[in-house]
Amino acid sequence: MTLHAFWLPNSFVMSFWLEDNQGPGPDLDPGGSEHPRGMLFTDLVGQLPTELELYQEQRFGLFPAADGLPIASHLDIPIDAQLQPWCIDTGETIAECVIDFFRTRPLPVDEGTTIGDSLLYWQQIAEFAVLLVDETLMVPGIAELEGKKYPVWQAAVPLELDPYWQSLVTAMPPVVHALMPDNEFAATPEALPLSFLDACVDFQVRQWAMQRNPKFHRPRKSQPPLPKQWLDALQAGHFSALFADSRRLETFVEEVGLWNDGVRPLSLFSPYRLGLELMPPDDHDGDWEIHPTVRSNRDRELSVPAGELFDPAASTHHPTALLPCLLAGLGRAAVDFPPLDACLESVPPEPCRIDRMQALVFMTEASLLLQKHGFIVHLPTWWEEPQEKLGLLLRISTPRNTGTDRNAVLGLDQMVSYSWEAAMGEESLTEAEFRELATSKTQLIHRNGRWRRVDTGAIRKSMKQLKDRGFSGDASLANAMEIGFGMEHAGGLPVLDLRFDCGEDASWLDDFRTDARFKMLPTPKTFRGTLRPYQEIGYSWLQFVADAGLGVCLADDMGLGKTVQMIAVLAHQQVNKLAEGPSLIVCPMSVVGNWARELERFAPSLRVLIHHGGDRSSQRMFVDSAGEYDAIITTYNLIVRDQTSFLSCRWWNIILDEAQNIKNPNTKQSVAVRSLRACNRYCLTGTPVENRLIELWSIMDFLNAGFLGWIGTFRTHFAMPIERDGSDRRAAILRKITRPFILRRLKSDRSIICDLPEKNEMKVFCNLTAEQAALYQTVVDQMFTCIGGEEGSSFERKGMILSALVKLKQITNHPVNFLHDDSEFSSARSGKLQRLEEMMQVVLDEGDKALIFTQFAQLGTRLHEKLARKFGVEVLYLHGGTPQRQREQLINKFQTRHGPPMFLLSLKAGGLGLNLTEANHVFHYDRWWNPAVEDQATDRAFRIGQTKAVQVHKYICVGTVEEKIDRMIDNKRQLADNIITPGETLITNLSLTELRDAFMLSRDAVSEQ
Amino acid sequence: MISHWPTHQEIDINVPISVEHGLQLRSQRGEIVKNWWGRGLLAAMDSTAVKEELDAGKRYARKGQIEWMECSESTVKASVQGRDDKPYTVTIAFKALPGAAWTAVLTELSQRLDLCGAILGGSMPEDVQALFERHDAAVLPADPPHSTCDCERTERPCRHMLAVACLVADRVDTRPLLLFELRGLPQEQFMTRLRELWNLPLPDVDDADVPQPSERSVTGYYRRPDVEPETQPTAPPKVDVLAKLGIPQFFNQDDQTSLQTLRKLYHDHIRR
Ligand SMILES: [Zn+2]
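Residue numbers (this note's numbering), protein chains in the order written: chain A, 21 to 1029; chain B, 1466 to 1737.
Structure, rendered in structure tokens:
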């Protein structure tokens, strides 16, 4: 028996067929349409692995025959044999199933079955596909199947591998075509093997993408833009067709084709193409030239000038196919752009000379047509480059002072004097220059030694519009901008920028530091700590804008101390008796503890109420007692739940920490927060707001109601142009009008780096969940039962305490870490994990890299899975069991510039020569309780070669033994900085009372509501 | 799913037995050819035909009754499936131009790159006809070619010949070089002889750019051809395909998310 396989490119299936070739067999029946040697599907199934999931199908195929009978495949076939059609019983399977089969060597086929050459052939191709994918030699493209367009991964065979691929193409046994005679795949020998190669490549990439990020691509109700659909489908585990109206779809398919062209195996068609290169003259009136060349589809660099092909000596270095490609190409290109005819008027061909108008036609229309028809067009670089845009500037002069200084808000409803002015990039044009441009006959102008294109139509339109409406006037800022945007929509010049001609009263709009009224404030007397210079600026600014009656957003990078700056403001207001009521701090549950600890540490004189947890005060009590506090900390959830309590107060400050929590303006918490009454409003957030426009709107609207206008107008003028059309200019304008209200400093800012210590250590206070607290209490109770009343430092007592310590550490990490079970490793069960996820998001958003240390390998494994899945990025993981060689690989990977952003380490870092200077964040998920070890770990990142400031985040659970030991260590450190006893030793020597104190869970430990 | 191959049950006396994947005309209605040389060639072949046979021939060609067709050295050979079980064999032999005429024509053509380009690109300006005439030759045959068919119809040319004639005209209409071949100049010689006239020696590089279709030989039907295979792929180069391609123009340049996704799809692979 011989097994044959046929790839059916139109249906993406592999068809297997078993042939009985036991001798000539006199009992063969030549009459019917069934192949006399064909075996049945049931025979076939037994020969092949079940994983193939074969299903039965009947097909007609062509087979060599003599005297009306098929000739067995192992016999010699006489030259006069004829191909004859027969029906065969086949087993078919989809591409996914077949690839693993072919990757197995030898092929997993039942013994006694001969493997036909067709199978060996497909096997070679499958193996080649594996090689390509291993080397990332694939390219996303689009395939057509049954009239639909499917985003697929395709093979990108580089030039070096082309000889091998061509030898594969040639090595095809004709039988593989047996089931589909004379269709388009038979016309070119490459088509059929390429189809299977592509299928193998596609499947592997998808399979891998699925393992990494197993999400299913679900068709949505509204169709996202085609590029998005395309990207989504490329990551999905299955095919999904593009959906759009047919013309848009065709264009997109073409664009993708133009993009991925150069790397696809294209010997399906000619491997060469005509290239046309446009050369501009050096002066305004010279001739433009188009130089014909022959270019390779496989090698983008290769470009042979036409003249060289007609040079007897030089031409011998090029394959003969180049010459007909040149001549035929020019012949066809001249249909798209007739002046090209001139190239072929002489032997050898000459570059074609055209004038400025023709050059413009070539660059605008003809080049698109030519590219569409498969020619490679090279335009001068300046044509494609973004050049200094010609457009309009809106100059805003001093907003009219509308009275009291508390209301000096520049909102969009502010009346301003404005004037319009034309500009080319940064350079303003005089009105005369502008008029001259408006009369220019062609769009190509040679100015200051450079060619550029200007949109004369738009210039004329704008000229007319401005003449009608006036070049200047008085209007609200919103109206002035609306006029400009309106002219732009009507085909006029784009609005490039907004310039404030700031008088002294409003110089803060450009830069508050230059405003005469801005002064640096001294650190408040009651503030316990030192503010870094940039924090002093931040804190002074927060107070300055509050004095001006503005709500503002402090958007410093994570780790720059937004909380501290805010606390300084509260302290300042308390000292100077500015506050006329309590301040409300609204934050996510996970940072309640952190706020409480930081307030306690930096401004102990402030009276703080934590309003959360099941035992929080009732509405009546709250209303009665609120006035007794300086600050009340609560969570976003409670703002909704206890809304009436909060509404009953008039707050002095409302501070929204992690303000991205109100990014959706319609959620209950956003609405509730906006309804609160307050004198000053602040937002704190570490994630950049300018890219998330509705979020920005929502935050700004909370800060200064109505400032960015009605949400619908905001969508039309900003959100849509910026997000959908990618308008840089609108983004710049939006930045400009929001800039006075947002202070954002980056860690990477030069001035900030100088202010920052090279190593910036921060404690991140987290809360326990109720589940964690219950487990914690159980362990503590058990421990005290065991040690009874025993004092001293007996070996057993020590052992019991240490064992309890480990358990408590595990509990503060995550219940799973303690229970060692398979239960869900969710962030809802652990305050630390929740905080880690939040902070990792920021790390990723900022393009930073982080090391995460934990002492527990089991936790490490779970964290590794969790982070990789949650963020869809590769997370490196180094633990005690990692072999040395692999360690080096991990380190090298992390140390490459674009390497994975997270590195999880579960081993004791000491003694290992790890150099991980790519990281600029170090997270200690649990504490070592031995400062020396902890510092050693931190120093992995903080080493020679580190160019960035390193931020060290130490996670501590509020109100637990973690916090107590942390304090003890800090105290000890102050006593004798260099000789520090590890936390474990400290604690085992404690007296019973001290021990109780250390282990007891304090009231504020839990964060659940 | 069973694809339909001709079986005996399907024979109907009035319609030809249908052929799966037969060769078909591109035009399914109206004129068969569009260009002057296609029309001229068709006219040379069908000028003496009876209307009924001509219509039937067109119908055959449009339906795809021609199983296969080969052109070589001025002669077309084809197999046409009619009503009979066995398909008919048709040959059409064109009259080749004398070698001297070709030499003269090619010599002049070598100075007319525009015409060479057009011919290679699939079209033939009327200038070409004039050029031939200057050398006392014609690009189109003046007389009907010599045709044969093994059918038993009395009309000549028969519908089978005419079907093949239509198909030949259809193919020639987009490939003037095929017309040259029918007139005695094999297609591959066109460029070879022009190169000689331009004094361009044959290149010393391998002309392996377009692989030749492996002939579907019957004798080696089940075997991989005896070619010298590159047994192992050479060590693949380190190519960053994405970097080589650049950022797709169809992404908004500000659309960082899409860009990052695409980069990630690649770079995760590289890191793998
Ligand atoms: Zn006939």
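Virtual Cβ for every residue (Gly too), placed ideally from N, Cα, C.
Give the straight-line distance between the Cα atoms of residue i and residue j, rounded to the nearest whole angstrom.
i, j, result
"A929 of chain A", "L1707 of chain B", "Note on A929 of chain A: pLDDT 47, under 50, position unreliable in the model; the coordinate value appears next. Rounded to whole angstroms, A929 of chain A to L1707 of chain B spans 37 Å at the Cα level."
"S1483 of chain B", "F61 of chain A", "29 Å"
"W142 of chain A", "F216 of chain A", "8 Å"
"L380 of chain A", "Q1493 of chain B", "41 Å"
"W730 of chain A", "L839 of chain A", "52 Å"
"F289 of chain A", "P344 of chain A", "Any reading at F289 of chain A is ruled out, since the residue's pLDDT is 38, under 50, leaving its predicted position unreliable."
"E446 of chain A", "M501 of chain A", "19 Å"
"R744 of chain A", "V693 of chain A", "29 Å"
"R373 of chain A", "Q463 of chain A", "19 Å"
"F1597 of chain B", "E1573 of chain B", "9 Å"
"L1506 of chain B", "A1634 of chain B", "6 Å"
"V311 of chain A", "P358 of chain A", "First, the amino acid is wrong: residue 311 of chain A is His here, not Val. So the alpha carbons of these two residues sit roughly 15 Å apart."
"D218 of chain A", "T156 of chain A", "13 Å"
"L286 of chain A", "V177 of chain A", "Unreliable positioning characterises L286 of chain A in this predicted model, as indicated by a pLDDT of 36, which lies under 50. The coordinate reading is nonetheless provided below. Using only the alpha carbons, I get a separation of about 9 Å."
"G549 of chain A", "L626 of chain A", "14 Å"
"K545 of chain A", "L251 of chain A", "57 Å"
"T1013 of chain A", "H834 of chain A", "28 Å"
"W308 of chain A", "D375 of chain A", "6 Å"
"R57 of chain A", "H398 of chain A", "59 Å"
"F573 of chain A", "Y554 of chain A", "Per the sequence shown, the amino acid found at residue 573 of chain A is Cys instead of Phe. When rounded, the distance between both Cα atoms is 16 Å."
"D1024 of chain A", "G979 of chain A", "6 Å"
"D1579 of chain B", "F1716 of chain B", "39 Å"
"T424 of chain A", "A739 of chain A", "Residue placement at T424 of chain A cannot be trusted, given a pLDDT of 38 that sits under 50; the coordinates are not used to answer."
"L1644 of chain B", "F330 of chain A", "27 Å"
What whole-angstrom Cβ distance do residue i and residue j have, given they're in contact under 8 Å?
i, j, result
"M609 of chain A", "G706 of chain A", "Rounded, the Cβ-Cβ distance is 17 Å, inconsistent with contact."
"V196 of chain A", "F26 of chain A", "6 Å"
"L516 of chain A", "K409 of chain A", "6 Å"
"S492 of chain A", "Y438 of chain A", "6 Å"
"M59 of chain A", "E39 of chain A", "7 Å"
"K974 of chain A", "E781 of chain A", "7 Å"
"T1684 of chain B", "I97 of chain A", "5 Å"
At a CB-CB cut-off below 7 Å, which residues of chain A make contact with residue i?
i, result
"T1684 of chain B", "I97 and I99"
"T1726 of chain B", "L251"
"L1647 of chain B", "What L1647 of chain B touches in chain A: nothing, since even the nearest Cβ is about 20 Å away."
For residue i, go through chain B and note every residue whose CB falls closer than 7 Å to its CB, in chain order.
i, result
"R352 of chain A", "G1586"
"Y141 of chain A", "R1689"
"L364 of chain A", "L1578, D1579 and G1582"
"P19 of chain A", "As displayed, chain A neither begins before 21 nor continues past 1029, which places residue 19 of chain A out of reach and without an answer."
Applying a beta-carbon distance threshold of less than 8 Å, which residues of chain B neighbour residue i?
i, result
"V195 of chain A", "Y1686 and Y1687"
"V367 of chain A", "S1575, Q1576, L1578 and W1663"
"Q680 of chain A", "Chain B residues near Q680 of chain A: none, gap ~17 Å exceeds 8 Å."
"F330 of chain A", "W1663 and L1665"
"L254 of chain A", "L1730"
At 8 Å on the CB atoms, spell out the chain A contacts of residue i, in chain order.
i, result
"F1715 of chain B", "L246, P247, F272, E275, V276 and W279"
"P1668 of chain B", "S335, T336, H337, H338, P339 and T340"
Can you name the residues of chain B whose CB is closer than 9 Å to the CB of residue i?
i, result
"D802 of chain A", "It should be pointed out that residue 802 of chain A corresponds to Gln in this sequence rather than to Asp. Result: empty, since nearest Cβ-Cβ is about 46 Å, beyond 9 Å."
When you check each C-beta in the segment 333-348 of chain A against every C-beta of chain B, which residues fall closer than 7 Å? S335, T336, H337, H338, P339, T340, A341, L343, P344, L347 and A348
Residues from the segment 1550-1577 of chain B in contact with chain A, defined by Cβ distance under 9 Å: S1575, Q1576 and R1577
Determine which residues of the segment 149-165 of chain A have a Cβ less than 9 Å from any Cβ of chain B, and write them out in chain order. L151, L152, V153, D154, E155, T156, L157, M158, V159 and P160
Interfacial residues, the segment 1598-1616 of chain B to chain A, with Cβ spacing under 8 Å: none
Residues of the segment 1520-1548 of chain B in Cβ contact with chain A at a cutoff of 7 Å, in chain order, please. none
When Cβ atoms are compared, which residues of the segment 125-137 of chain A fall closer than 9 Å to chain B? G136 and D137
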